[in-house]
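Student: Protein chains in written order, with the working numbering: chain A, 1 to 507; chain B, 508 to 1007. For each residue, glycine too, the CB sits at the ideal point set by N, CA and C. The structure that follows is given in the form of structure tokens.
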Amino acid sequence: MFEHLMTTVIMLPIGGAIAQGVFSKKPYLQRYLGLGASLVSTLLLLLGMNALSDVLQPGGEGRLHESLPWVASYAINYELAMDGLNVVPLLLISMIFPVLIALEWDQRKARPGYFALLLLLQGALLGAGFAQDLFLIFFFWAMSAVPVFYLVGIWGGENRELAASRYAAFSTLGNALIFGSILLVYSSVEPHTFLIREISSTKLASAQFDLLGYTFSTSNVAFILFSLGLAMRVPVWPMHGWYTRLSYEAPATVLVAVTSGVIPIAALLLLRVSYPLFPGVLKQVAPVLFVAGAGNIILAGLLAAIQTSFRQLVAYLAMTTFGFTLFGLGAVNSAGIVGALLLQFSFGVAGGGFAIIGGLLRDRVGTDHVLTEKGEKALGGAAVKTPAIAFVSGVVVASILGIPGLGGFVSQALLWIGGYQSAPVLVILCLVSTVFGSAVLLRHYRLVFFGETSTTSSALADLSLRERLLLSPWILASFALGVYPKPLLDYVRPAVEALITQMKAIQ
Amino acid sequence: MKELLSILPEGTIILAMGALLIGEITYHGERWRLISWTSLLGLSAALIQTVLAYRLVPEQILANTYAIDGFAIFFKILAIVSTMVTLCSVFWMNELKQSLKVEAAVLVMAGCLGVMLTAAAVDLLVGLFGIVLVNTASSLLVGFHKDRISSADAATKQWYQTVFIGIFLSFGAAILFRYSGSLNIYEIQAAIVSKTIPGVAAALSFALIAMGITYQIAAFPFGMATVDVVAGAPTPVGGYLLSAGRLAGFGLGVRFLISLFASHDSQGGWSSILDYQWNLVLAVIASLSALFGGLLSLIQTSVKRLLCFLIMVETGYLLTGVAVMDRVGVNALLFNLIPHLICSLGAFGALTYFRDREGSDRFDDLKEVLLRHPFQTTLFCIFLLGLVGLPPFPGFIGRFVLWESAMRNQLPVLALVGLTSWVLSLIAAFRLVFILIGGESKAKGILAKELAIERSGLNGTLQLQRGAYLVVLLVPVGLVIYFAEPVMSWAGRSLGFTFW
């Protein structure tokens, strides 16, 4: 039954995207097909997770696996797997996309293609998450850049041209760097292969190549190219300009798709590729990852303090979160890495929820700014008029802040534990900076929902029943991860520990 | 008799051309349908015959001047398919006057014949004749809009190109003939190896032939002139020049350069038999083409010119395949030609539609064209992104193989330049896509122009055909992605000629 499950999970959204074009004159059918494809893909992924729990062994071994030769003469394989490392980001993507499609149910009627692009993005991200062959990873990862460009370029705000162009420039450069990296890895290993499990990191570590009369270490250059390539698609200082612009111009659902879809997959790829292939380099650059993570956290925390827009705030929060992720991945210990993976999930649902609320505010009252240009309250007292929005916002803010009982707490606690073992001073510095972030978030919340009800807020309509139903899985997931994280930890921790053991054995 | 059977596809095309001309002179009824069916049926028959030629044993025929082998069949198939697509553009679009369509069809088919001759030529004169035939037909086609200054200017430039390419190739051939006394490329190669041809003469001959070929394939710096030619030519002709015209150059280039100036080495590749590594010259031209094409594509404001520069980048990549001097590289070149040709023809096909409906190919006039022609714009974007090799389109598989081959052959600079120019061309393509889908239309007058063209009479069937042939082109794009391995293996088998 599960022979081609992962292919089906990937192909359903892509098929749904193609079907959008086939039934272009029947908008209702388009929507139902789109949502149906996305939902069935999610259900199949859940089935896959269930099957995975049966095959997982205490040592972290065991995975669902599909493999076919694609271009055999160049050792390019269509190899997919579901294991403890990718199960969390894949679950997140599968939870996010059907909701995003449903949230746009009555919107964007003017131009066809919105659902098709969202579905294509879902399929590409799932593919990148499942892929175990470097070439296939690149195939899906580069493919995922295209829908976002169109979604921002067509349906974005006033300055969508600038946002889409910046995104295109960064993603293109990033993809080229990744392509260069995998090319280098492929050429350096004998026999040539793209399969991560077949590439010997020991041989890779000793490989060298000559360029313009200089000799370079293959693994050093390949790691730098790969990580820089990924950095172009995530909000990392100093390459974050595209993301802050996109956060303001993109439709809210697209912002969520990038924040809760693209960024977690980037983190997964860094883990999936760099740990097994470049363990030596990773050990050397761990301090750099720490500093980059800490820099991101501190800088984004400070910049968040001066933001007045909900969605700009999401951008800087995402930057902070990715800083945490780098911190966790750089710790090279179980707690840090598990924390980083869980943080992607908890911020994915909470940050996504926050961006959706920002989008709702902009759609309903024309602004998502908490202060006017003169520094006066743009919104205020909204909690009385819109208790459901206030509740959802409260939960997501609390989760982002890491309040106990919500998803953010578990992941951040693990990250700090993992990070403290490696760089205690930086952890303390980062904790201080998160206080700034917390103050800003709470200030935003207070300015919008508490105090006297403003004229703008009185015109704000509360969440409809459908919106409540759609957002409820995210809220429930936040609580579930905060109260009972064991099911997810059971998937993730053994796989991470196995990866670390494998890495240490190589060294 | 067997030899005649071997050249049946060429004969069928000549017959179809004759039928078109006779029909044009003698039949005065409803001509349009007759023209399109005659030419497309003739080409289809030639295509089937060409595919059936795989059953023949590879050999040199017609007094060792013409080869029937996998390489020739590969290029013939591509040439016939390119011609069919170009003819669809010619027939179902408005840019060329109705009264000139027969002449256009005959000339396009003559060009196809030229490509077939170059691909199968093992004799210097036959190759030269093929190239001259392609270029002469192209020059006449480019000047079809002689009432337009840009078209007349382009035609003049194309004539210059035809003359210069002819001079380079014929002088190169003359030098080789002077010393070897033969026009057969394999006999000449033996003469170079045995030093019957002095090293200086062989080197000079290589320089001239290589210049002619790089001119023909629109590599830097000669490609700059091709850009002007394409910009002034009618759009379907521009697509034809960049597909069939360059195809002839690649067919001739791969066979002649490798068979004349290289010999097999022990590692399954080739090595130069001249006194210097001539492949490094090609590597420099490939790098410059990719880099300049990428840089110049960023500043274009006309879609035609942008496509030309993107194709120049691609030419750089394809030339890399020869510069690395191994089977994998040339195999990748052949593999890459398939998606490259399909995507460039598709992009020009869609652009011809825009040119018909919007009256322009300038960025300013095509802003938000997605709103006005969503179907054609989507197709154009797919072909454009396929042309620049963005995943999931098949071009990126070919790029990988080319660059990997460059790295394996100690030419990592080629891979580095390739990656850099790839970024530039992707940015240029994204910029154009954005203009087509976003940005407010500045040219309000376009609507009136569009309506005027609409009224000029396009029936429903024609509308369907306009889109249908472009959709059909998507099928091979998808198939090449899915069946990359068999397609690559087909391309690899087509290299058999070098092992005679």
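1) Whole angstroms is fine: what's the gap from Lys203 of chain A's alpha carbon to Phe903 of chain B's?
2) For Ala300 of chain A, return the contacting residues in chain B, with the cut-off set at a CB-CB distance below 9 Å.
3) Taking 9 Å as the threshold (beta carbon to beta carbon), is Ala176 of chain A in contact with chain B?
4) May I ask you to list the residues that DSSP assigns as paired with Tyr491 of chain A?
5) Please state the DSSP three-state secondary structure of Leu954 of chain B.
6) Should Met995 of chain B be flagged as near chain A, meaning a C-beta pair shorter than 9 Å?
7) Can you tell me where the alpha helix (DSSP H) holding Val633 of chain B begins and where it ends?
8) Residues of the segment 799–810 of chain B with a CB closer than 8 Å to any CB of chain D: list them in chain order, please.
9) Can you determine whether any heavy atom of the ligand HEM sits closer than 8 Å to the C-beta of Leu317 of chain A, and answer yes or no?
10) Run through chain A and tell me which residues come within less than 7 Å of Pro983 of chain B, C-beta to C-beta.
11) Following the continuous beta strand (DSSP E) through Asn50 of chain A, name the residue where it begins and the one where it ends.
12) Go through its chain and collect everything with a Cβ distance to Lys636 of chain B's Cβ below 7 Å, but skip five positions before and after it.
13) Looking at the secondary structure, which residues open and close the alpha helix (DSSP H) in which Leu599 of chain B lies?
14) Pairs of beta-carbons, one from the segment 616–632 of chain B and one from the segment 753–761 of chain B, closer than 8 Å: are there three or more?
15) Flag this pair as touching only if the segment 243–261 of chain A and the segment 280–295 of chain A have three or more C-beta atom pairs under 8 Å; answer yes or no.
16) Are at least three pairs of beta-carbons, each pair with one atom in the segment 401–415 of chain A and one in the segment 347–358 of chain A, less than 8 Å apart?
17) Can you list, in chain order, the residues of its chain whose CB lies under 8 Å from that of Lys385 of chain A, leaving out five sequence neighbours each side?
18) Does the Cβ-Cβ distance between Ile154 of chain A and Ile944 of chain B come in under 9 Å?
19) Can you find a CB in chain A that lies within less than 9 Å of the CB of Leu877 of chain B?
20) Here's the rule: buried if 16 or more other CB atoms are within 10 angstroms of the residue's CB, otherwise exposed. What is Pro98 of chain A?
21) Note down the Cα distance separating Ser38 of chain A from Ala131 of chain A, rounded to an integer number of angstroms.
22) Give the straight-line distance between the Cα atoms of Arg915 of chain B and Thr215 of chain A, rounded to the nearest whole angstrom.
23) Between the segment 888–921 of chain B and chain A, which residues of the former have CB atoms less than 9 Å from a CB of the latter, in chain order?
24) How many whole angstroms separate the CB atoms of Gly679 of chain B and Leu640 of chain B, which I take to be in contact at a CB cut-off of 8 Å?
25) Within 10 angstroms of its Cβ, does Val700 of chain B collect 16 or more other Cβ (buried), or is it exposed?
26) Between the beta-carbon of Gly856 of chain B and the beta-carbon of Phe890 of chain B, is there less than 9 Å?
27) Would you check if the distance between the CB atom of Pro743 of chain B and the CB atom of Ser658 of chain B is smaller than 9 Å?
28) Considering just the uninterrupted stretch of the beta strand (DSSP E) at Thr572 of chain B, what are its terminal residues?
29) For Ala362 of chain A, which residues in the same chain have their Cβ closer than 6 Å to its Cβ, ignoring the five residues on either side in sequence?
30) Which ranges would you report for the beta strand (DSSP E) in the segment 520–570 of chain B if only whole runs of at least 3 residues count?
31) Under 7 Å between beta-carbons, which chain B residues line up against Val71 of chain A? List them in chain order, please.
32) Identify every run of the alpha helix (DSSP H) within the segment 833–875 of chain B, keeping only runs that are complete inside it and at least 4 residues long; order them along the chain.
33) Rounded to the nearest angstrom, what separates Glu961 of chain B and Pro27 of chain A at their Cα positions?
34) Pairing CB atoms from the segment 890–899 of chain B with CB atoms from the segment 869–877 of chain B, are three or more of them under 8 Å?
35) Quick check on Met82 of chain A: does DSSP put it in helix, strand or coil?
36) Kindly indicate which three-state DSSP category Ser701 of chain B falls into: helix, strand or coil?
Tutor: The short version:
1) 27 Å
2) Near Ala300 of chain A there are no residues of chain B at all, since even the closest Cβ is about 27 Å away, more than 9 Å.
3) yes
4) Answer is none; Tyr491 of chain A lacks a bridge partner.
5) Confidence at Leu954 of chain B is low in this model, with a pLDDT of 44, below 50, so its placement is unreliable and the value that follows should be read with caution. Here Leu954 of chain B sits in helix by DSSP.
6) yes
7) 631–649
8) The structure shown contains no chain D; the protein chains it does contain are A and B.
9) With respect to small molecules bound, the structure shown includes none, and the ligand HEM cannot be examined in it.
10) Within chain A, no residue comes near Pro983 of chain B; the closest Cβ sits about 17 Å away, beyond 7 Å.
11) Taken as a continuous stretch (DSSP letters only), Asn50 of chain A belongs to no beta strand (DSSP E), being part of the alpha helix (DSSP H) at 27–55.
12) Note on residue identity: the sequence assigns Phe, not Lys, to residue 636 of chain B. Leu624, listed in sequence order.
13) What sits at residue 599 of chain B in the sequence shown is Trp, not Leu. First-last of the alpha helix (DSSP H) with Trp599 of chain B: 577–599.
14) Between the segment 616–632 of chain B and the segment 753–761 of chain B there are three or more C-beta pairs closer than 8 Å, enough to call the two in contact.
15) Counting C-beta pairs closer than 8 Å gives fewer than three between the segment 243–261 of chain A and the segment 280–295 of chain A, which falls short of the contact rule.
16) Between the segment 401–415 of chain A and the segment 347–358 of chain A, the count of C-beta pairs closer than 8 Å reaches three or more; the two stretches touch.
17) Thr453, Ser457, Ser458, Leu460, Asp462
18) Yes, these two residues count as a Cβ contact at 9 Å.
19) yes
20) The residue is buried, with at least 16 neighbouring Cβ atoms inside 10 Å.
21) 19 Å
22) Whole-angstrom Cα-Cα distance: 15 Å.
23) Cys888, Leu892, Leu897, Pro898, Pro899, Phe903, Ile904, Arg906, Phe907, Val908, Trp910, Glu911, Met914, Arg915, Gln917, Pro919, Val920
24) Wrong, their Cβ atoms sit about 18 Å apart, outside the cutoff.
25) exposed
26) Using a Cβ distance threshold of 9 Å, Gly856 of chain B and Phe890 of chain B count as a contacting pair.
27) no
28) Taken as a continuous stretch (DSSP letters only), Thr572 of chain B belongs to no beta strand (DSSP E), as it is neither H nor E.
29) Checking the sequence, you will find Arg at residue 362 of chain A rather than Ala. Result list for Arg362 of chain A: Asp368, in chain order.
30) 566–568
31) Listed along chain B, the residues sitting closer than 7 Å to Val71 of chain A by beta-carbon distance are Ile904, Ala991, Glu992, Met995.
32) 834–865
33) Because the pLDDT of Glu961 of chain B is 43, which lies under 50, any placement of that residue in the model is unreliable, and the number read from its coordinates should be weighed accordingly. Answer to the nearest angstrom: the Cα atoms are 28 Å apart.
34) Output reads no: the segment 869–877 of chain B does not touch the segment 890–899 of chain B.
35) strand
36) coil
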